Each structure stands twice: as structure tokens, then as C-alpha cells.
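Each remark here refers to the structure printed beneath this line.
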Amino acid sequence: MNSPPKIPRRVAIIGAGVVSPLGLGLAETLQSLRTGTDCVTPVMAFSVEKTRCKTAGQISDSRLLEGVNRGRRNRRLHRASYMVIAALDELRSQADGFKPEMVMVGTTSGGMTFGERFYRTLGNGGCSAALIANYPPQKQIIDALEKFGIDAPAQVIANACASGTNAIGHGFSAIRAGQYQRVLAGGYDALSELVFVGFDSLQASTPEKCRPFDAKRSGMVLGEGAALVALEELESAQQRGAEILAEIVGYGISTDNHHLTQPNPDGSGPRRAMEQAIGRANLTPERIGYVNAHGTATVFNDAAEGKAIEQMFSDVPISSTKSMMGHSLGAAGAIVAIVSLIALRHQFLPPNINFREPDPELRLNIVANEARPAEFDCVLSNSFGFGGTNASIVLRKM
Amino acid sequence: MSSRITGLSWVTPLGSGVDSVWQRLLAGERAPLEKLANEQNGASYLVHRVPADATKNLPPHPRLRRASAISRFAAAAGLGAIADAKVTPNLERTAVVFAISNGGVIYTRRFYGEIVKSGAQSASPLLFPETVFNAPASHLAAILGICGASYTVVGDGAVGVLGLKLADDLLASGEVDTCLVVAAEEIDPLVCEAYRQWRLLRNARTPESGHGMVVSEGAGAVLLTRNAGGCQIEKVDPGSNFFRRAEATGKLRRTLDRLGVETASFCIGSANGTFVDAAERRALGQNVPAYFPKLALGDSIGASVLWQLIAAVQALRTGRLPGSVEPVRGRRGLVLACGVNQQIGGLALCFD
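The listed protein sequences correspond, in order, to chains A and B.
Under this note's numbering, read the first sequence as residues 1 to 398, first letter to last.
Under this note's numbering, read the second sequence as residues 1 to 352, first letter to last.
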């Protein structure tokens, strides 16, 4: 019988890269978080004439593609590929020569807009095989690996909106168990019409501002982006003198079987994931100094998550940074892991903007509208998704 | 680490009984070819469909009321693998790992088709949730009552290997004792058209040509535990990605070396009538007897590695390979997977 190692290994983050509506790179992201910038803008990529929601957190193509060689092969890549390439480029500037044995990334739709174009041109002879080849969800990470000559398998986790946290969390667990020394983990998703209209059809997205945990919250807005972290077994990273950005100490995953798209209102699913993450970190909830909530601003999600947080913590500060950048689905968990990393390293609490009125049903310490300085060692980052997937990770300051 | 296969099940175009389908494969049977029409552009494609009675024993469940074919195939295979194990796993310590490539494409096409045809205001809130990749895994977890870890892994025809590797890592972490690994796929004209545009599909006018893939559908499932003994997955090599097709052979060889091809009794390959055939045959050479189930069952893309794995288990159990009069010598077999969208991997299994 095989057994896991008796002494679990410790896992360090030694590099990070991010592209989101908050900015391209860690520095711009920090600036937007500190100032509580609302990065949600009107959707221009497709018609929103007949949808309730008209806005999303979006990345400017002109900035994303600035300086990119648009040769024949590159021209065919999906914009999500460029997001992943940009995030990986930034990560490699901190962890030069990082050679992962495994890549674990989350996404929900990969190059979906290419799939949409394929469908729309099907009957009129305008189809292109390049659309098909560059559409699949694994293609965008493979493009980035090719760009930097990284020869590693890519495990693409599609656990809806929890995908990014699941990818980082599973990477952490596998290093901790001694399966790998180095894992590249994260997530990506680009805005697409199909998904935008899908959430609109469920009336999950809002025609107003995104107001997580507000009494009058009316839904989410979508976002997009990519984020990656370089994970390495701590001892090995220390031995070779790598800069340790933070340590991942806990990960929890649960499945809520209540409904395909709605959480159990009692908050038991999110609670199990958070308890597991904190328990595996050998911490108590009191040690958590900040919770970056999933906080989509839908009535049901925030009620269930808020209830679970209320039950577990006494007065922990919480915010949903989706209020600033929208919900980037498969990328969201990875982006907020980096938001949590930034908050931890710079010792401040990112704000939950557009907050006006506390929900009388929830007793929560919301970091309302403005960032706050704070001293804390551990942060909990939550992601929950369709299919009842719940994931939480705990990061600790080094 | 190695994991023990305690139960297995499949839903294929030749039916759903593991032994009965295996006997048909040993007898040289191929799944019947059907033509599938695409109303959008008038094209037609050769496909292998799962017979209607293959999921007839599926118990009713509210989650399956609106679910697409892929979820039904997955549920039938998943429940079948648990039944085959004859021991109910501790569900608190059981994870679901789901491998998928195209996912719920029937509902995805319908959902987006309505948007294109009638506008966003007519998009169906009932269809959209079923388009999400992890919907089948969610349904399966709900049917089984699994509330712990559930992962959906997406990729090309090699995705099953990556799913099995994820299961292997979960078992190694000690966080679960049992993993139900399921892979499933459903046929839709949109998928066939995509492969046709990509020049990978068999021409409907030359069904016997052997050139080009025939898309099929169905599911495969294995129940894995951390115990040793019986039929075991000895090693999973998650492989890598080939950036050019010309690199595929070299990367397949590397996987075969890592898996110890020199001590293998046979290899169950992924040849499907495309460039994969030549790459795989070159990598395998003449050193090991090989069998390619996709040539009989079609290419079920995301589900195919689980079919290959089940075929490998059956070859070890019965000591026979379809298409060969020679008995299987030895107790060790390989599964090799080369997807059409750049992913490669493989695994080794043995029988104690």
C-alpha cells in the first residue's frame, strides 16, 4: 500500500503574473486595488442591445497586444493565449528559468469566441480550420508553454468559477504530497458572447453596478484575464536562494449537490471548503486576517457565502474584488489568489467597491469602498462555481 | 504511485457490458457506421452512436431529467464501475475525476444557435447551465452523493491520461481513499464539422477507406483505490505537448521509454485514421504487439483513453488481444494516447 509522505512538504509561491481589468501586471494591479478603481466598462466586443447587463471588466486589446509580434502563426492565436503569455512572461521575470514538472490551470471556456465565429460562419463558407485548432480550452496554455519553450504536460481543470483556485490548490496538494517539486498553476478566461448571454439569461448578471454583499445587490458582471503562480517545494526554493513571495498553507474543496447553479442556502458547501483549507493549514479561523470572498453579488451566492463566513469567523475583514474587475470565471480564482498575495505582501485590505448598504441578514465586516492598511499573516481566498464546486486556499506571509 | 482498479464500466457503440463488448472486439466486430446530417450546412458525417438500450438500466434521478446524452453516458458508466467493484466506497473519502473534450456540445450548439437566430433575449436559462464543462461531473456527484473533491479535466484525446494522473495525485496526497474516474463524450454535427474542416474526419463517401477518424460517443469509468493487488495502474505518464505534428513521434517514444515499453506485453494505442497512426506506429516500432480500439469503436475523444484502459485490463484478464491469434504473454500492458490537439500521455498497468 502506498502512503502519502509522513511530513507534508511546504509550498512556496516564487513567481506570479497577472493580466486583468485591474491592469497588466502586478504593479498596475496593486495600484488599482489601493485606489479602489472601478474597471468595469461598457461591452464593445459584441452586441448587448438585447441583454439586461451591458458591462464587463475587460482588457484592452491595444494594450494586450502592444509590442507583440503579429506574424502569421501569432495572428491565429486567441486573445486568451495572449493573456496567458503576458502573465507567464511576468512570472518568468521573477522566476527566471522556472521549469515546472506539471502545469495545472483552470478555465471555463478557453477560446470560446473562436467557437462562436466558427458557428456563425458555418453555413456561408467562411469557416477556418485555424479557428478550430485554436479554440480548445487547453490550446491557450499550450501556446504560452510553446512561446517560452516549456516542455511540461498541461492539466486543464474546468470546474466552472472555482477552476483557478482548484488548479492552484491541487498544485499545492500535489507538491505537499511529494508528487512534484515545481508546478505552474493558475487560470484564464476571455469574455465571450455565449457566456455573457448565458449569465444574462439566468438573470445572474446585473444592469447596475456590481455590489457584493450589499443589501440591494442585483447580480454580477463578467470579467476576463489570466493569472499564474510558480509553486515550488519550499525547501528546494530556499536552497537555491529563490525569493519567496508567500507560502500556500491550506486548500479545501467540496461539492455542493443542492443544485446545478445555486448553492445550498445554508452555506454548508462553502463552509466545508473553508474549514478544510484552514484545518489543513493547521490554523484556526482567528489566524485569518482577511478573506477575499467569492462575492459575485448575486443574491444567492453572497447569502450562502456570507452565512458561512459569519458562522466561522468573528469579525474578519472581507471584500470581493470582483466589484472592481468583474467575475473572470475560470481565471477568477487565480486572479484573486494574486490579489490576496499582493494584499499580504503590501499589508492592506483591498476594497469592496460600490457598497452602500449592509445586508441586514448578514453580520460581516466589509472593507467598504476604500482600501485599508492592516497587519495580518494569513489570507483566505474563496471561489465557488456552477456544479456546486467550492474551493478555498490559505496563503501565509513569509 | 500505483493504484488498484477495483471496478470498471463502459458505454460504447457496441453496447455497455465490459465482457460482452470485449468478446465482440475479440471477434473482430466493428461498431456500425451511421450517417449524421448537419442541417446548418447540409453536410453529413460517418459516426458510431451508442445504441439506445445501452443506458436503459440507468435509475431515474431528478438531475438527469434535462441532462444531455453525455451526462447519461457518464452516469451509466460511473454507476457501472461502482457496481462492478462490489464494495460501496466510503463516499466521504471518494473523489470524482471527470475527463472531457467537447463536453455538452449538443446543448451548447442549441443555446448559441438560439442567440444567433433569435437574439440574446431568447437564450434559454435551462440550457446554459448544461453547457458548462463540469455539468456532467456535477450530476454524477449528486446522483452518487459525493460531497468532497470533484474535478473536471478538459483536453484532447489524451485528456483521460491527465485525468488519471490527477486521480493518482489525489490518492497519493492521502486526501481521498477512492477515485471514480469517468470520461464521456456525445456526438453532435458541430463537432464532426470541426474535425472535417480540420481535415481529420473520414469522408462519408468512402467509409471503408480507413483514412480519417470516425467520431463516436459514450463513456468509460474506473474506480481506483490506493490498495495494491489485482489489476493496478502502475504508472501514469502525463506526457507533454507537441507543438508541431512532426514532434509527436519523439514525444510518444519518450512516454514509452518512461513507461518501460521493453517489459510490456502489449500496447493499446490511440490510432484513429489521422496523422496519429503514423506517429504512433513509428514510436511503437515492431517491439510490442499493439491494438487500436478506435478503429473498431471510433474516436470518442475525451472518453477514448478510458476505453483504451478498459481494453488493456481485459487483455490482461483474458490473455487475448483482438486481431491477434497469439496469447498475451506477461502481465504488463501499456496505454498510449496521442490527441489531435497537441497532447500526449500514457500509462502502464500490471496484473498481480
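Just so you know, even glycine gets a beta-carbon here, dropped at the ideal spot from N, CA and C.
Source: prediction; values computed, not measured.
- For residue 165 of chain B, there is no enclosing beta strand (DSSP E); the enclosing alpha helix (DSSP H) covers residues 159-173.
- Segment contact: the segment 6-24 of chain B against the segment 218-230 of chain B, three or more CB-CB distances shorter than 8 angstroms; contact assigned.
- Close CB contacts of residue 231 of chain B within its chain, under the 6 angstroms cut and outside five residues either way in sequence, are with 5, 313, 351 (chain order).
- No Cβ of chain A is located within less than 9 angstroms of the beta carbon of residue 90 of chain B.
- Inter-residue distance for residue 304 of chain A and residue 335 of chain A is about 22 angstroms (C-alpha atoms, whole angstroms).
- DSSP, read as helix, strand or coil, puts residue 42 of chain A in strand.
- Residue 347 of chain A sits away from residue 308 of chain A, with the two beta carbons spaced by 9 angstroms or more.
- With a beta-carbon spacing of about 7 angstroms, residue 246 of chain A and residue 345 of chain A fall inside the 8 angstroms limit used to define contacts.
- Comparing alpha carbon positions, the residue from A/267, A/369, A/80, A/28 closest to residue 191 of chain A is A/80.
- For residue 155 of chain A, the enclosing beta strand (DSSP E) covers residues 154-157.
- Apart from sequence neighbours up to five positions away, the residues of its chain that approach residue 386 of chain A with a beta-carbon distance below 7 angstroms are 160, 161, 260, 261, ordered along the chain.
- Looking at the DSSP output, residue 256 of chain A bridges to nothing.
- Cβ contact annotation for residue 139 of chain B (same chain, cutoff 7 angstroms, sequence separation greater than five): 63, 64, 67, 71, 75, in chain order.
- With respect to chain A, the C-beta atom of residue 198 of chain B has a partner C-beta closer than 9 angstroms.
- In the DSSP assignment, the residues bridged to residue 184 of chain A are A/103, A/230.
- Within chain B, no residue has its CB atom less than 7 angstroms from the CB of residue 40 of chain A, the nearest being about 19 angstroms off.
- Every alpha helix (DSSP H) stretch that sits fully inside the segment 60-141 of chain A and reaches 4 residues is listed by chain position as 61-64, 72-75, 79-94, 112-120, 129-134.
- Going by beta carbons, residue 167 of chain A and residue 100 of chain B fall outside the 9 angstroms limit.
- If only complete runs of 3 or more residues are kept, the segment 212-248 of chain B shows the beta strand (DSSP E) at 218-225, 231-241, in order along the chain.
- Taking residue 90 of chain A as the centre and dropping the five residues before and after it, the same chain places the C-beta of 17, 25 closer than 6 angstroms to its C-beta, in chain order.
- Each of B/229, B/98, B/199, B/160 was checked against the Cα of residue 275 of chain B, and the nearest Cα belongs to B/199.
- As computed with DSSP, residue 383 of chain A is found in a beta bridge with A/391.
- In the structure shown, residue 61 of chain B falls within a coil segment according to DSSP collapsed to helix, strand and coil.
- The straight-line gap separating the alpha-carbon atoms of residue 269 of chain B and residue 258 of chain B is approximately 16 angstroms.
- Residue 136 of chain A is positioned such that its CB atom lies closer than 9 angstroms to that of residue 154 of chain B.
- Beta-bridge annotation (DSSP): residue 338 of chain B is paired with B/344.
- Three or more beta-carbon pairs separated by less than 8 angstroms link the segment 178-187 of chain A to the segment 224-234 of chain A, which places the two stretches in contact.
- For residue 392 of chain A, the closest alpha carbon among the candidates A/205, A/352, A/255, A/200 is that of A/255.
- Between residue 63 of chain B and chain A, the shortest Cβ-Cβ separation is below 9 angstroms.
- Setting aside the 5 residues that flank it on each side, residue 329 of chain A is surrounded in the same chain by 108, 161, 189, each with a C-beta closer than 6 angstroms to its C-beta; the list follows chain order.
- For residue 75 of chain A, not one C-beta of chain B is nearer than 9 angstroms to its own C-beta.
- Between the segment 141-154 of chain B and the segment 93-112 of chain B there are three or more C-beta pairs closer than 8 angstroms, enough to call the two in contact.
- When the five nearest sequence neighbours on each side are left out, the beta carbons in the same chain lying within less than 7 angstroms of the beta carbon of residue 248 of chain B are those of 242, 279, 338, 344, in order along the chain.
- Interface criterion met: the Cβ of residue 169 of chain B is under 9 angstroms from a Cβ in chain A.
- DSSP, read as helix, strand or coil, puts residue 10 of chain B in strand.
- The beta carbon of residue 245 of chain B sits closer than 7 angstroms to the beta carbons of 275 from its chain, once the five residues preceding and following it are set aside; these are given in chain order.
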